[in-house]
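Peer 1: Mind looking over this structure? Questions follow.
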Amino acid sequence: MTEVATPPPPLRDAAKELLSPEFLRRIEQLQLVSRKVLMGRLRGERRSKAKGTSIEFADHREYTRGDDIRHIDWNTYARLEKLFLKLFVEEQELTLHLVIDASRSMALGEPNKLLHAKRTAAALGYIALVNSDRVGIHAMRGGQLATFAPARGRARTWAMLRFLTELEGNGTTDLAASCRTFALRQQTRGVVVLLSDLLDPHGFEGALKWFLHRNHEVYVLHLFGEDELNPRIGGHLELVDSETGDRTEVTINRPLLRRYREMLDALCTAARDWCNAHGMVYTVTSTATDFDQLVLSHLRRRGLLR
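The sequence shown begins at 896 in this note's numbering and counts up one residue at a time.
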């Protein structure tokens, strides 16, 4: 059941920049995968949606061949002449936390990293909502945290998209302060997806440690602009720090670009090794990565979706 309540035209138009109706249909059959013990269940076991026997009605989805016909909603069929199943959820459920770096550095480039992060978050959030998982979105900037409170059900799609479309990149980066606030607010274990360029003068390790306090299952999507991975500049330039405004004059030549790439590789290697050592899944992506492939292929290979 792809359609949700029609939003106001301005929101509908803005939301199309994040997710097209065609893409929504393509991701509707995906679902989140949990690798850890979540809410007391066995490792690797995805908590099920017990159709017809659980406590709380959650949503509908279209009937497909092989589904249990006992759970067809005949009242809906009488109105729409299409078959839909009733979905129920158990008391204990999976919560997806999408933690987005919304500092000013994320708003650089064309397309910018923040738009890439918001599109990825919108796709993952929608997949969770249509599967009756809870979704919360947490935007980090300047050590603060703006939150879309965890919600469940397809009907919350437009509220989620509104939060994302209105999210702008500004302020400085203080990952540790923002992640600390997140850890103190979110008392329930869940799946955390961090979308960030990890560009914090104080490093990333102190920030990521906060996700370990609640034994969250953590995925780190390290985002870069294509011009950051493959800079095509040269000569004598004045560089301006996007967050602090500090200015530096520099002559960019081949040796300097080579040193830059070495430092970038070192950052990615350090982040990957740290995440691997602490049971987190780390992956690098850029704004040049085809978005459809990122969601439909790459994140499935990394074990977040199936």
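Beta carbons: idealized from backbone N, C-alpha and C, even for Gly.
Source: prediction; values computed, not measured.
Note down the Cα distance separating Gln924 from Phe1106, rounded to an integer number of angstroms.
Peer 2: Rounded to the nearest angstrom, the two C-alpha atoms are 29 Å apart.
Peer 1: Which residues in the same chain as Asp1122 place their Cβ atom closer than 7 Å to its Cβ, once the five residues preceding and following it in sequence are excluded?
Peer 2: If we look at Asp1122 and ignore the five residues flanking it on each side, its Cβ neighbours are Gly1004.
Peer 1: What are the boundary residues of the alpha helix (DSSP H) that includes Thr971?
Peer 2: Counting along the chain, the alpha helix (DSSP H) containing Thr971 begins and ends at 969 to 975.
Peer 1: Count the other CB atoms within 10 Å of the CB of Val1135; is the residue buried (16 or more) or exposed (fewer)?
Peer 2: Exposed, since its Cβ has fewer than 16 Cβ neighbours within 10 Å.
Peer 1: Whether or not the stretch 1023 to 1035 and the stretch 986 to 1002 are in contact is what I'm after, with contact meaning three or more pairs of Cβ atoms, one per stretch, closer than 8 Å; do they touch?
Peer 2: Touching, yes, given that three or more Cβ pairs across the two stretches are closer than 8 Å.
Peer 1: Can you check the stretch 1125 to 1172 for any alpha helix (DSSP H) of at least 4 residues that lies completely inside it and give the ranges in chain order?
Peer 2: Within the stretch 1125 to 1172, the complete alpha helix (DSSP H) runs of at least 4 residues are 1149 to 1172.
Peer 1: Return helix, strand or coil for Arg1029, following the three-state DSSP convention.
Peer 2: Three-state result, Arg1029: strand.
Peer 1: Assuming Gly1120 and Thr1182 make a contact with CB atoms under 8 Å, what is their CB distance in whole Å?
Peer 2: Indeed, because the Cβ distance is near 5 Å, the residues count as touching under 8 Å.
Peer 1: Who does Arg1036 pair with in a DSSP beta bridge?
Peer 2: Gln1039.
Peer 1: Just list the residues that DSSP pairs Ser1091 with in beta bridges.
Peer 2: Beta-bridge pairing links Ser1091 to His1117.
Peer 1: Between the alpha carbons of His1193 and Arg974, how many angstroms are there, rounded?
Peer 2: About 39 Å.
Peer 1: Are the stretch 1066 to 1082 and the stretch 1033 to 1040 touching, with three or more C-beta to C-beta distances below 8 Å?
Peer 2: Segments in contact, yes.
Peer 1: Return yes when the Cβ of Tyr1155 is within less than 7 Å of the Cβ of Val1115, no when it is not.
Peer 2: Contact flag unset, no.
Peer 1: Taking DSSP as the reference, what is the three-state secondary structure of Ser1181?
Peer 2: Strand.
Peer 1: Exposed or buried, what is Ile1032 when buried is set at 16 or more other beta-carbons lying within 10 Å of its beta-carbon?
Peer 2: Answer is buried; the Cβ neighbour count reaches 16.
Peer 1: How many Å lie between Phe979 and Gly1048 at the Cα?
Peer 2: Between Phe979 and Gly1048, the C-alpha separation is close to 15 Å.
Peer 1: Counting only C-beta atoms, is Leu1040 closer than 7 Å to chain B at any point?
Peer 2: Note that chain B does not occur in the displayed structure, where there is just one protein chain.
Peer 1: Return yes when the Cβ of Ala1018 is within less than 7 Å of the Cβ of Leu993, no when it is not.
Peer 2: Their beta carbons are not under 7 Å apart, which means Leu993 does not touch Ala1018 by this criterion.
Peer 1: Between which two residues does the beta strand (DSSP E) carrying Leu993 extend?
Peer 2: Run containing Leu993: 990 to 996, per the beta strand (DSSP E) assignment.
Peer 1: On a Cα-Cα basis, can you pick out the residue from Ile995, Leu1010, Thr1139, Arg1051 that is closest to Cys1074?
Peer 2: Of the listed residues, the one whose Cα sits closest to Cys1074 is Ile995.
Peer 1: With DSSP as the reference, identify every bridge partner of Ala1046, one or two as the case may be.
Peer 2: Paired residues: Val1030.
Peer 1: Along the chain, where does the alpha helix (DSSP H) containing Pro916 start, and where does it finish?
Peer 2: Segment 916 to 922, the alpha helix (DSSP H) holding Pro916.
Peer 1: What residues in its chain sit with their C-beta under 8 Å from that of Asn1171, if we drop five residues either side in the sequence?
Peer 2: Excluding positions up to five away in sequence, the list reads Tyr1177.
Peer 1: May I ask which residues mark the beginning and end of the alpha helix (DSSP H) holding Ser1073?
Peer 2: 1070 to 1080 is the span of the alpha helix (DSSP H), which, as asked, contains Ser1073.
Peer 1: Is Gln1081 buried or exposed, if buried means 16 or more other CB atoms sit within 10 Å of its CB?
Peer 2: Its Cβ being crowded by 16 or more others within 10 Å, Gln1081 is buried.
Peer 1: Pull up the distance between the alpha-carbon of Arg941 and that of Leu1199, whole angstroms please.
Peer 2: Note that Arg941 has pLDDT 46, beneath the 50 cutoff, so the model's placement of it is unreliable and the number below is only indicative. In a straight line, the C-alpha of Arg941 is about 12 Å away from that of Leu1199.
Peer 1: Under 8 Å by Cβ, that's how I've got Ala1012 and Leu1118 pegged, so tell me the actual separation to the nearest angstrom.
Peer 2: Contact flag correct, Cβ pair sits at about 6 Å.
Peer 1: Taking the alpha-carbon of Val1088 as reference, which of Leu1056, Ala1161, Arg1197 has the nearest alpha-carbon?
Peer 2: Per the Cα distances, Arg1197.
Peer 1: Tell me whether Leu978 sits in a helix, a strand or coil according to DSSP, three-state version.
Peer 2: Correct three-state label for Leu978: coil.
Peer 1: To the nearest angstrom, how far is it from the Cα of Gly1174 to the Cα of Asp1141?
Peer 2: One C-alpha to the other measures close to 36 Å.
Peer 1: Nearest CA to the CA of Glu1100: which residue from Ala1071, Asp1092, Arg1153, Leu1079?
Peer 2: Closest by alpha carbon: Ala1071.
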